[in-house]
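Undergrad: Residue numbers (my numbering): 989 to 1261. Glycine residues also receive a C-beta, built at the ideal position from the N, C-alpha and C atoms.
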C-alpha cells in the first residue's frame, strides 16, 4: 500500500501518541505500507513556511536515507500569499511534493496568486497536495475560527480556473465529502486526485468510497491515512469493505499513488547519478 497523507512532529491542538518520523514510518511499515508521503505539522503552522521546510530537510535528511521501509517522501510546505518562493527549495533538476493548506496557512485557494503558484510548480514537474482539514471542524476549540476555511464556491472556482497542466499532479487530501460531492464533475474533467482520509467518508454502511469512485473514476482516488491523527486502518478498511472490484481497490491502495510518485522519484534518482 501507499499512503499519500501521514504526519510527523508536534501537533499544536492535542497530544498524539507518536510524533517522530521514525515511529510513524515503523508503524506504517508493519501495516504493509511500502511508500508514504510524510508531512510535518511545522509546514502547516509555522508563520514562515519556508524556514520550516529548511529545518525539516536538515533534521530528517539522514533519517530518510536510513529508513528502508517504507520509502519516505517528505512533502514541503508552500504558501503563495506569504512571500516570493525561495529558489533554494526548488533546485534545478529536483522535483518535490508541496503541501498547501489554505485553512491553516491563511490564503484563498482560488486566488490568482494561488493558481499561478500551482501552475508554476506543475511546470517544474513537481507534485502538489492540498489539505482541507486535519480533523472535524466541530471538534476544534471554540476559541479558534478558521477565516480561510475552504468553502464550496472557493473549491468550485479553483477547479474551473486551473488548466490541464495540473491533471493528476494534485491531490485533494482530507476534504469533507459534502465539498467533494458538489464538484465531482469538475474533479473528473480536470483529473484531480482525491484521497479517502476524511472521516466524512464514514464506513461501509455509508459506502461513499464507492460513490466517489463511481462519480470521478477509480483512476482518481488514492489512499491517505492521516496517521497519527487517525487510526491508519480506518482509511484502509473504508476501501477494503467498499463495494468495488478488486482492480479498483488495487488502484486506490497502491496503483494511482505509484503513478503520482513514479515520475518524480525516477527523475530525482537519475539526476542524483
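Please determine, among 1174, 1208, 1230 and 1139, the residue with the shortest C-alpha to C-alpha distance to residue 1189.
TA: 1230
Undergrad: So if DSSP puts residue 1065 in a beta bridge, which residue, or which two residues, is it bridged to?
TA: Checking the DSSP bridge columns, you'll see residue 1065 partnered with 1087.
Undergrad: Looking at the structure shown, is residue 1200 part of a helix, part of a strand, or coil, going by DSSP?
TA: helix
Undergrad: Select from 1183, 1102 and 1193 the residue whose C-alpha is nearest the C-alpha of residue 1210.
TA: Here the closest residue by C-alpha is 1183.
Undergrad: Whole beta strand (DSSP E) runs in the stretch 1016-1075 with 3 or more residues, listed along the chain?
TA: 1023-1028 and 1059-1065
Undergrad: Using 8 Å as the cut-off, can you tell me whether the stretch 1089-1099 makes contact with the stretch 1115-1129, which would need three or more C-beta pairs spanning the two stretches below that distance?
TA: Under the three-pair Cβ rule at 8 Å, the stretch 1089-1099 counts as touching the stretch 1115-1129.
Undergrad: For residue 965, I'd like the list of residues in its chain whose CB is within less than 7 Å of its CB, leaving aside the five on either flank, ordered along the chain.
TA: This structure gives no information on residue 965, because the portion of the chain shown stretches from 989 to 1261.
Undergrad: Considering only residues of the same chain and omitting the five flanking positions on each side of residue 1055, which have a CB-CB separation below 6 Å?
TA: 1013
Undergrad: Could you spell out the range, first to last residue, of the alpha helix (DSSP H) harbouring residue 1227?
TA: 1220-1228
Undergrad: Quick check: residue 1214 and residue 1185, are their CB atoms within less than 8 Å of each other?
TA: With contacts defined as CB atoms closer than 8 Å, residue 1214 and residue 1185 qualify as a contacting pair.
Undergrad: Could you check whether the stretch 1125-1145 touches the stretch 1219-1228, counting it as contact only if at least three pairs of C-beta atoms, one from each stretch, sit closer than 8 Å?
TA: no
Undergrad: In this structure, how does DSSP classify residue 1252 when only helix, strand and coil are distinguished?
TA: helix
Undergrad: Checking the sheet assignment: what are the DSSP bridge partners for residue 1115?
TA: Answer is 1085.
Undergrad: Closer than 8 Å is the cut-off here; do at least three beta carbon pairs connect the stretch 1172-1180 with the stretch 1200-1209?
TA: The way I'd put it, the stretch 1172-1180 does touch the stretch 1200-1209; three or more beta-carbon pairs between them come closer than 8 Å.
Undergrad: Within 10 Å of its beta-carbon, does residue 1223 have 16 or more other beta-carbons around it, so buried, or fewer, so exposed?
TA: Residue environment analysis places residue 1223 among the buried positions, since at least 16 neighbouring C-beta atoms fall within 10 angstroms of its C-beta.
Undergrad: Within 10 angstroms of the Cβ of residue 1026, are there 16 or more other Cβ atoms? Answer buried if so, exposed if not.
TA: Burial state of residue 1026 is buried, judged by a 10 Å Cβ sphere holding 16 or more other Cβ atoms.
Undergrad: Hey, how far is the Cα of residue 1241 from the Cα of residue 1153?
TA: 25 Å
Undergrad: Going by beta carbon distance, what residues of the same chain come within less than 8 Å of residue 1101, once the five residues before and after it are set aside?
TA: 1068, 1069 and 1095
Undergrad: Are there any heavy atoms of the ligand PLP lying less than 7 Å away from the beta-carbon of residue 1237, as far as the coordinates show?
TA: This structure lacks the ligand PLP; in fact it carries no ligand of any kind.
Undergrad: Quick check on the DSSP output: the beta strand (DSSP E) that includes residue 1128 runs from which residue to which?
TA: Counting along the chain, residue 1128 falls outside any beta strand (DSSP E), and DSSP gives it neither H nor E.
Undergrad: I'd like the span of the beta strand (DSSP E) that includes residue 990, first residue to last.
TA: Note, residue 990: beta strand (DSSP E), 990-996.
Undergrad: Could you pull the DSSP bridge partners for residue 1161 from this structure?
TA: 1119
Undergrad: Between which two residues does the beta strand (DSSP E) containing residue 1181 stretch?
TA: Here the beta strand (DSSP E) through residue 1181 covers 1181-1183.
Undergrad: Between the alpha carbons of residue 1157 and residue 1104, how many angstroms are there, rounded?
TA: 15 Å
Undergrad: Grab me the residues of residue 1174's own chain with a C-beta within less than 7 Å of its C-beta, minus the 5 sequence neighbours each way, in chain order.
TA: 1144, 1147 and 1148
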